[in-house]
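Residue numbers (my numbering): 78 to 414.
The block underneath contains the structure these notes are about, expressed in structure tokens.
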Amino acid sequence: MTPGAPSDRCAAPRRVVAIGGGTGLPGVLHGLRELVDASSTSNLTAIVAMSDDGGSSGRLRRARGMPPPGDVRNCLLALSAEEDLLTGLFQHRYDDGAELKGHNLGNLILAALAEQTGSFMKAVEVSSRVLRTVGRILPVTLDDVRLEATTRDGDVVYGETAINASGEAIREVRLSPANAAPAPGVVEAIREADLVALGPGSLYTSLLPNLALPEVARALRETSAVRVLVGNLVTECGEPHDLGLAGHLRAVRQQGGDVVDALLVHDGEIPADVRERYRDEGAIPLDPPQPGELDIHVFSRCLVARGPKLRHESLATAEGLLAAWQAVNTAKMMEAP
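In structure tokens:
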């Protein structure tokens, strides 16, 4: 090997962890499952936020005293090898009936398995076997946590649903209780990872709630993994229009400390009519940062999927993550004595 040249291990990360929630995390997982070695379930791990208190998940959480299953269900399906009948069943939503209306069958299955096995973690494991998932899904915590937010005006908003509905600019978020513990395997997965992907997804309700667990934030600060923040495509509820991707990075650092090595952002044309429609809805498409604006590696590529909505294209995002990992890892090796 030529002195100073990257070794073969730079070709691809062996263990990848993706952290988030909402619709962003499943999209990334769907792309990563095509690129990451699936010979071991520990090679790809999803760590999922557990503060959802709305819809079917919120109803089951209140009625059955269980963690919210919705985001976990979506990650199971994103990593599933069963493309047809089973995934369709897990996604089936009841449209009528006083008791069942609005419930998702996959959520009910996870609830039933949790009661039968005595453990939400076991319910996820059983569902993973049934759906033949690539990798594993870990709730970030099994504690009954509630998301709280302080607005820029100093008001306190309680609960994820209320935070999303408030429309107020958020200054910070936290979990109650503050001493909530990570679920088994979460800290270990982060510490043993080669690559950690953060986001995309709602900054305040999908990403930062994971970092609000002190042990998770500490593991992210101390891991030797390359940590890549996937930039969102548009602003969301609770985000000031002037926040921008640089502001997203500041918010992540404020919540978790030094937990980001690189930023992966979309750089490409967004049709004028799409931009205008999002502006009419109060959302501003996020442009890539200016050269030299940030003190970390910035990787730009076209990440937008085709369609009327701004969504990350799964495979392009996964490929961008691996490219960022390789570049940062190689730079670290070149700098090493």
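Yeah, the Cβ is synthetic: ideal placement off N, Cα and C, and Gly gets one too.
Review point. What is the rounded straight-line gap between the Cα of S84 and the Cα of E225?
Key: Confidence at S84 is low in this model, with a pLDDT of 38, below 50, so the placement of that residue should be treated as unreliable; the coordinate-derived value is given next. One C-alpha to the other measures close to 45 angstroms.
Exercise for review: Look up R110 in the DSSP assignment and say whether it is helix, strand or coil.
Suggested key: The three-state secondary structure of R110, taken from DSSP, is coil.
Practice item. State the CB to CB distance for the pair F376 and A408, rounded to an integer number of angstroms; the pair is presumed to be in contact (CB under 8 angstroms). Key: Their Cβ separation, rounded to whole angstroms, is 12 angstroms, which puts F376 and A408 out of contact at 8 angstroms.
Review point. When the Cα atoms are used, what is the spatial distance from R91 to V113?
Key: 7 angstroms
Exercise for review: Take D129 and list the residues in its own chain whose beta-carbon comes closer than 7 angstroms to its own, dropping the five residues that flank it on each side.
Suggested key: G135, P145, G147, D148, E237
Review point. Do you know whose CA, among T312, G345, R304, lies nearest D338's CA?
Key: R304
Exercise for review: Give a yes or no on contact between the region 216-224 and the region 191-205, applying the rule of three or more CB pairs nearer than 8 angstroms.
Suggested key: Per the Cβ contact rule, the region 216-224 is in contact with the region 191-205 (3 or more Cβ pairs under 8 angstroms).
Practice item. Leaving aside the five residues before and after V263 along the sequence, list all residues of the same chain whose C-beta is less than 7 angstroms from its C-beta, in chain order. Key: I124, L215, V217, V293
Review point. Between which two residues does the beta strand (DSSP E) harbouring V94 extend?
Key: 93-97
Check your understanding: Residue range of the alpha helix (DSSP H) that Y355 falls in?
Key -> 349-357
Point to revise | Classification of R150 by the beta-carbon crowding that lies within 10 angstroms, buried from 16 upward | key: buried
**Study point:** Beta-carbon proximity of C379 to A360, cut-off 8 angstroms
**Key:** Not closer than 8 angstroms, so no.
Exercise for review: For the beta strand (DSSP E) containing I214, list its first residue and its last residue.
Suggested key: Unbroken beta strand (DSSP E) run through I214: 213-216.
Point to revise | Close-in-space but distant-in-sequence residues of the same chain around Y235 (CB under 7 angstroms, 5 per side omitted) | key: R223, E225
**Study point:** Cβ shell of P80 (< 6 angstroms), same chain only, five flanking positions each side left out
**Key:** With a pLDDT of only 33 at P80, under the threshold of 50, the placement of this residue in the model should not be trusted; the figure read from the coordinates follows. The answer is none, since no qualifying residue turns up.
**Study point:** Straight-line Cα distance separating G324 from P368
**Key:** 15 angstroms
Check your understanding: In three-state terms, what does DSSP make of Y235?
Key -> Correct three-state label for Y235: strand.
Exercise for review: Output the boundary residues of the alpha helix (DSSP H) element that contains I186.
Suggested key: 182-194
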